[in-house]
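Engineer: Take this structure first; my questions come after.
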Amino acid sequence: MTPPRTPLDDAYQACDAITRREARNFYYGIRLLPPAKRAALCAVYALARRIDDIGDGDLPTAEKVSALADVRQSLRRPPDPADPVLVAVTDAATRYPIPLGAFDELVDGVEADVAMDAQSDTAACFYETFDDMVGYCRCVAGSVGRLCLGIFGSSPDPEAARYADVLGIALQQTNILRDIREDLQHGRIYLPRAELERFGVELVLDEHDVLVDKTGGLAELITFSAERARGWYAEGLQLVPLLDRRSSACVTAMSGIYRKLLEDIAADPPSVYHQRRSLSGWQKAAVAARALSGRAPVGAGTS
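Right under this line is the structure:
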């Protein structure tokens, strides 16, 4: 006889539904985990999604700041029973050594997005150097890598958390290259000012909302940035041998999807000028299948 469902079961189910709906890339890896780890990671994703959605939503700046502050405080008190995401995250943190403080770093990163939105009505560079941009990536993506590692677990290695952090930063660099056009449409520029100047790039859209690249400098910058991101992937993926088989498959699948996307962008930089690049469902499924079999994703090198 099947035991009756509990409110906690419903909370985890709600987080799974959010992840299936919103994690168009990550869910291909998450579903490779055993049920308990999959449920915990869906809970972590659902809260991270909530934080991101506050920053990207339509609320006035003051209300975004207030909502982010409320998220911070919500992790410091018993969860509201009516909030399934917080109920599930709180429970998951009793089952796995999830570093909940990393959510504070994620909030820090989203607060930086809100500050970027508020600084002017027109797009302007917010990060002066690549190191400045990496600091942002560490907040919004490295933090998620470390949260995931708390669920995966790993062989004893003092570098494990750093590898998880670096891999998250690699994924975020891919996002930034993919979303140059979309971010500019929303008044955001993540590429550092120093590198835009080095390659002679002024980010502007034409009357059709297509990125303008009269000199080819933007394509050169994307190629340069993609090559650098490959190095971050190579370093971060040193985490994989430290994980159990299912967790390593999850990480290999998620990173493999983003690495394939990075390679597609690097092969044709102007393709991001007018569209948001993505892989098809069958391409993502193929990467996940290769990850579960223990084979490296297509296009995955050592640099």
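The C-terminal residue of the sequence shown carries number 1793 in my numbering, and the numbering is unbroken.
Idealized CB from N, CA, C, for every residue including glycine.
(1) What does Arg1678 pair with, by DSSP beta-bridge criteria?
(2) Would a C-beta distance cut-off of 8 Å place Ser1644 and Leu1558 closer than the cut-off?
(3) Please confirm whether Ala1684 and Pro1759 have their CB atoms less than 8 Å apart.
(4) With the cut-off set at 8 Å, would you say Ile1544 and Phe1616 are in Cβ contact?
(5) Which class does Leu1523 belong to by DSSP, given the choice of helix, strand or coil?
(6) Do Gly1632 and Gly1658 have their beta-carbon atoms positioned less than 8 Å apart in this structure?
(7) Anyone know if the C-beta pair for Pro1569 and Ala1504 falls short of 8 Å?
(8) Give me the Cβ distance between Ile1541 and Leu1576, rounded to the nearest whole Å; I'm assuming they're in contact under 8 Å.
(9) Mark Ser1793 as exposed unless 16 or more other C-beta atoms lie within 10 angstroms of its C-beta, in which case mark it buried.
(10) What are the complete alpha helix (DSSP H) segments, minimum 4 residues, inside the region 1524 to 1589?
(11) Just grab the DSSP bridge partners of Leu1661 for me.
(12) Could you pull out every residue in the same chain whose Cβ sits closer than 7 Å to the Cβ of Thr1705, ignoring the five residues on either side in sequence?
Structural biologist: The structure says:
(1) Ala1614
(2) no
(3) no
(4) no
(5) coil
(6) yes
(7) no
(8) The Cβ separation is near 12 Å, so there is no contact.
(9) With a pLDDT of 30 at Ser1793, under the threshold of 50, the modelled position of that residue is not reliable, and no figure is offered here.
(10) 1525 to 1546, 1551 to 1564, 1574 to 1585
(11) DSSP lists no partner for Leu1661.
(12) Gly1690
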